[in-house]
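*Asks:* In this text, residue positions in the sequence shown follow the numbering used here: the first is -11, and each later residue adds one.
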Amino acid sequence: MPPGKLSAFEARRRENVANNAKLLKDTADLGAKMKRAAAPAPRPAAPRKRKAAEPTVRTRVMPVRQSARLAGANSDSKEALVKLEDIPVELKDREPKRARTNGDLKLSSLQVDGKRWSSTDALANFVHGAQPGVRTFTEEDIKETTDEKLKSLRQDLNDLTLYAGWQPNDIKITPERVYALTFHPMLDKPIVLAGDKKGTLGFFDGSQKTPDYPEDDEEDFDVPLPQIGAFEVHNRTITSIKIPMFDQNSVITSSYDSSIRCLDLVTQVSTQLWAPDADEDELGISCIDISPEAKDTIVFSTLEGSLGRFDRRAKTKAEIWSLTDNKIGGFSLNPLLPHLLATASLDRTLKIWDLRMIKGKGDLRHPSLLGEHQSRLSVSHASWSRSGHIATSSYDDTVKIYDATEAAKWKPGHDISDKQMKPTVKIPHNNQTGRWVTILKPQWQTNPADGINKFTIANMNRFVDVFSADGTQLAQLDGEGITAVPAVAEFHPVRNWVAGGNGSGKLCLWM
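(1) Using the C-alpha atoms, what's the distance from S274 back to N113?
(2) Of all the options S382, S381, D391, which has the alpha carbon lying nearest to the alpha carbon of R374?
(3) Quick one: give me the first and last residue of the alpha helix (DSSP H) that D144 is part of.
(4) Around the C-beta of G187, are 16 or more other C-beta atoms found within 10 angstroms, so that it is buried, or is it exposed?
(5) For V257, count neighbouring C-beta atoms within 10 Å of its own C-beta (all shown protein chains included) and say buried if the count is 16 or more, exposed if not.
(6) With a threshold of 7 angstroms on Cβ separation, who are the neighbours of G141 within its own chain once the five nearest residues in sequence on each side are excluded?
(7) Taking contact to mean 3 or more Cβ pairs, one atom from each stretch, closer than 8 angstroms, check whether the region 401 to 413 and the region 424 to 435 are in contact.
(8) So K305 is in the beta strand (DSSP E); what residue range does that whole segment cover?
(9) What do you get for N8, buried or exposed, if any count of 16 or more other CB atoms within 10 angstroms of its CB means buried?
(10) D129 lies in the alpha helix (DSSP H); which residues open and close that run?
(11) By how many angstroms is the C-alpha of I240 removed from the C-alpha of Q119?
(12) Tell me which residue opens and which closes the beta strand (DSSP E) that S320 is part of.
(13) Checking 9 angstroms against the spacing of the C-beta atoms, do S381 and N322 come in under that value?
(14) Quick one: residues in its chain with C-beta nearer than 7 angstroms to the C-beta of K139, no 5 flanking neighbours on either side, listed in chain order?
(15) Give me, in chain order, the residues of the same chain whose beta-carbon lies closer than 6 angstroms to that of I308; leave out the 5 immediate sequence neighbours on both sides.
(16) I'd like the span of the beta strand (DSSP E) that includes W262, first residue to last.
(17) Please report how far the alpha carbon of F455 lies from the alpha carbon of P430, in whole angstroms.
(18) Grab the span of the beta strand (DSSP E) containing P163 for me, first residue to last.
(19) Taking its Cβ as the centre, do 16 or more other Cβ atoms sit within 10 Å of V287, making it buried, or is it exposed?
(20) Are there 16 or more other CB atoms within 10 angstroms of the CB of V180, so buried, or fewer, so exposed?
(21) Contact check, P514 vs M233 under 8 angstroms by CB: the rounded distance?
(22) I'd like the list of long-range same chain contacts for T198, defined as Cβ closer than 6 angstroms, with 5 residues on each side in sequence excluded.
(23) Taking the C-alpha atoms as reference points, what is the distance between I340 and D193?
(24) Starting from A477, follow the beta strand (DSSP E) in both directions and report where the run begins and ends.
(25) With which residues is N501 paired in a DSSP beta bridge?
(26) When you compare only the Cα positions, how much space is there between S405 and L334?
(27) Less than 9 angstroms between the beta carbons of Q464 and F451, yes or no?
(28) Tell me the rounded alpha-carbon separation between V486 and R301.
(29) On the CB-based measure, 16 or more other CB atoms within 10 Å of its CB, does F(-3) come out buried or exposed?
(30) Residue ranges of each beta strand (DSSP E) run of no fewer than 3 residues wholly in the region 175 to 230, ordered along the chain?
(31) Who does I278 pair with in a DSSP beta bridge?
(32) Give me the Cα-Cα distance between T255 and T460, rounded to the nearest whole angstrom.
(33) Using only CA atoms, which one of T227, D92, D101 lies nearest to A168?
(34) Could you give the residue range of the beta strand (DSSP E) that holds G537?
(35) Label K305 either buried or exposed according to how many other C-beta atoms from any shown protein chain fall within 10 Å of its C-beta, with 16 as the threshold for buried.
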């Protein structure tokens, strides 16, 4: 091996020494880092306590008294009198504390004096809800009517008086809350039918003999009850009652128990016209309608948002179309064009459909949608008049009237523009029924003898309102003894008789 050159063994030995030294150094560095990380954070130095300064004693500086006599003031002069503003604040008597006022306070007796604070208009914005007995249409409105024909009509309708045979609280037409109501179409006597929450159908004949009340009010006079018939034709809420003009012996009813039944008044037998195929299936029915142009075709809406149609003469299954994911609260057929119908839904829309054109395949089949209008809140019902006007009620506290008088010109699948779908009239109307009052729904008089298309809708102030097709209020019906809202109100199909049922099953009848 040449001198000065390391052997392979020596070179390998030195390399191992260098590697071991580096490894020891890295291990020492890592241990130092771990030690620093585990060490607790140094505590901040405690602040040096300052010695509290001794409080200085405050002394009240009293004003220096001066003698008016030494100052040369005349005791008889006015200059000798000390003025109030000259008296130092420290010497003035303190005002007594204002005592707290307990109990209820009525703002009308607390108003601050002065013209600046005399207005109460701002508070009027917060007045909501029903005000029982407070009229929104008065005799002054009738007197101020300039149109003689309208004035005469208003006077005639406001002259309708509450049935005198019994007080409304004595005419309990159903055991539970009234949900549906109608008149029998006969003209010679007022016969009212009502359906309640538990499925009971009640009958009241307004032509029955009334009690002979004594001329002087005798406290111990026992008033006999009116004759009322009630029959449990359904197991759940009755939602609609229809008596076709062309078949006045048939009373067709629908219910949340998923059935549609027909009561024959002659045989007094109630026949089931339709129900789901399986007994365990439920399809609550919210409304039905029958057109005089298609006498045996019954159309119904459901709580599931679907629409059905069947012919009661045939044994075929009903056609059912899913129109929306929300409940359809009410609908109606055009009385003269039964292929057209208007639906009101919880999805806040009024929609017009054409049954002449069915689109889609299988479960997606549905009538052609011609147009729709959306309200701010849910729409409760849509009622179509013979004149072609559609009246709706909704929870945005309005009654809207839509003009569909040109419907006869619509071809199958006609597209109604958004402008045409806007309501022509918006009537402010309190529709906040709450939990214990049946939903307020407008109902047109189907074939008015006086030729005036008009509809009724209950008023939360315990009246029944009557409006014309142009939104003019014609009447506000009231009377003694009305203790609850006659929420379900309807005209006789021909005569100007009005009936209303309330949440206790009581009946109000105006004739």
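Each residue gets a CB set at the ideal place from its N, CA and C atoms; glycine is no exception.
*Replies:* Looking at the coordinates:
(1) Position 125 of the sequence shown, counted from the first residue, corresponds to residue 113. Position 286 of the sequence shown, counted from the first residue, corresponds to residue 274. Because the pLDDT at N113 is just 49, under 50, the model does not fix this residue reliably, and the point stays unresolved.
(2) Within the sequence shown, residue 374 is the residue found at index 386, counting from 1. Comparing Cα-Cα distances from R374 to each of S382, S381, D391, the minimum goes to D391.
(3) Translated into the one-based positions of the sequence shown, residue 144 becomes position 156. Taken as a continuous stretch (DSSP letters only), the alpha helix (DSSP H) holding D144 covers 136 to 146.
(4) For the purposes of this step, residue 187 is identified with residue 199 of the sequence shown, where counting begins at 1. So G187 ends up on the buried side.
(5) By 1-based counting over the sequence shown, the position of residue 257 is 269. Around the Cβ of V257, a 10 Å sphere holds fewer than 16 other Cβ atoms; the residue is exposed.
(6) Against the sequence shown, residue 141 aligns to sequence position 153. Reading the sequence as shown, one finds Leu at residue 141 and not Gly. Correct list, in chain order: I440, L462.
(7) Counting Cβ pairs under 8 angstroms, fewer than three are found: no touch.
(8) In the sequence shown, residue 305 corresponds to position 317, counting from 1. Careful: K305 lies outside any beta strand (DSSP E) and carries neither H nor E.
(9) Numbered from its first residue, the sequence shown carries residue 8 at position 20. Exposed, since its Cβ has fewer than 16 Cβ neighbours within 10 Å.
(10) Here residue 129 corresponds to residue number 141 of the sequence shown, with the count starting at 1. Looking at the DSSP string, the run of the alpha helix (DSSP H) that includes D129 is 127 to 131.
(11) What you label residue 119 is simply residue 131 of the sequence shown in a count that begins at 1. What you label residue 240 is simply residue 252 of the sequence shown in a count that begins at 1. Q119 and I240 have their C-alpha atoms some 36 angstroms from each other.
(12) Indexing the sequence shown from 1 puts residue 320 at position 332. It spans 316 to 321 - the beta strand (DSSP E) in which S320 sits, taken as one unbroken run.
(13) As a first step, residue 381 is located in the sequence shown; it is residue number 393 there, counting from the start. As a first step, residue 322 is located in the sequence shown; it is residue number 334 there, counting from the start. For S381 and N322, no; Cβs fall outside 9 angstroms.
(14) Counting from one through the sequence shown, the residue named residue 139 turns up at place 151. Cβ within range, chain order: I130, T133.
(15) Counting from 1 along the sequence shown, the entry for residue 308 is found at position 320. Taken in chain order, the residues that qualify are S294, G296.
(16) Counting from one through the sequence shown, the residue named residue 262 turns up at place 274. Under the DSSP assignment, W262 falls in the beta strand (DSSP E) whose first and last residues are 257 to 262.
(17) Start at 1 with the first residue of the sequence shown, and residue 455 comes out as number 467. Start at 1 with the first residue of the sequence shown, and residue 430 comes out as number 442. Those two C-alpha atoms are separated by around 9 angstroms.
(18) Indexing the sequence shown from 1 puts residue 163 at position 175. Where P163 is concerned, there is no enclosing beta strand (DSSP E), given that its DSSP letter is neither H nor E.
(19) If you number the sequence shown from 1, residue 287 lands on position 299. Around the beta carbon of V287, 16 or more other beta carbons lie within 10 angstroms, which makes this residue buried.
(20) As a working note, residue 180 is residue 192 in the sequence shown. So V180 counts as buried.
(21) An answer regarding residue 514 cannot be provided, because it is not within the stretch -11 to 499 covered by the chain.
(22) Counting from 1 along the sequence shown, the entry for residue 198 is found at position 210. Excluding its 5 nearest sequence neighbours in each direction, T198 has C-beta neighbours in its own chain below 6 angstroms: G153, listed in chain order.
(23) By 1-based counting over the sequence shown, the position of residue 340 is 352. By 1-based counting over the sequence shown, the position of residue 193 is 205. The alpha-carbon atoms of I340 and D193 are separated by roughly 37 angstroms.
(24) Residue 477 sits at position 489 when you count from the first residue of the sequence shown. For A477, the enclosing beta strand (DSSP E) has its first and last residue at 476 to 479.
(25) Limits of the chain in this structure are -11 at one end and 499 at the other, which puts residue 501 out of reach.
(26) Within the sequence shown, residue 405 is the residue found at index 417, counting from 1. Within the sequence shown, residue 334 is the residue found at index 346, counting from 1. One C-alpha to the other measures close to 22 angstroms.
(27) On the sequence shown, position 476 is the one that residue 464 refers to. On the sequence shown, position 463 is the one that residue 451 refers to. Cβ atoms of Q464 and F451: closer than 9 angstroms.
(28) Indexing the sequence shown from 1 puts residue 486 at position 498. Indexing the sequence shown from 1 puts residue 301 at position 313. In a straight line, the C-alpha of V486 is about 33 angstroms away from that of R301.
(29) For the purposes of this step, residue -3 is taken as the residue at position 9 of the sequence shown. A residue is called buried when at least 16 other Cβ atoms come within 10 angstroms of its Cβ; F(-3) does not meet this threshold and is exposed.
(30) Whole beta strand (DSSP E) segments, 3+ residues: 179 to 184, 188 to 193, 216 to 220, 226 to 230.
(31) Numbered from 1 along the sequence shown, position 290 holds the residue referred to as residue 278. Answer by DSSP bridge pairing, in chain order: I286.
(32) Within the sequence shown, numbered from 1, the residue matching residue 255 stands at position 267. Within the sequence shown, numbered from 1, the residue matching residue 460 stands at position 472. About 44 angstroms.
(33) Residue mapping note: residue 168 aligns to position 180 of the sequence shown, counting from 1. Closest option to A168, Cα to Cα, is T227.
(34) Outside the modelled stretch of the chain, which goes from -11 to 499, sits residue 537, for which no answer is possible.
(35) Start at 1 with the first residue of the sequence shown, and residue 305 comes out as number 317. K305 comes out exposed.
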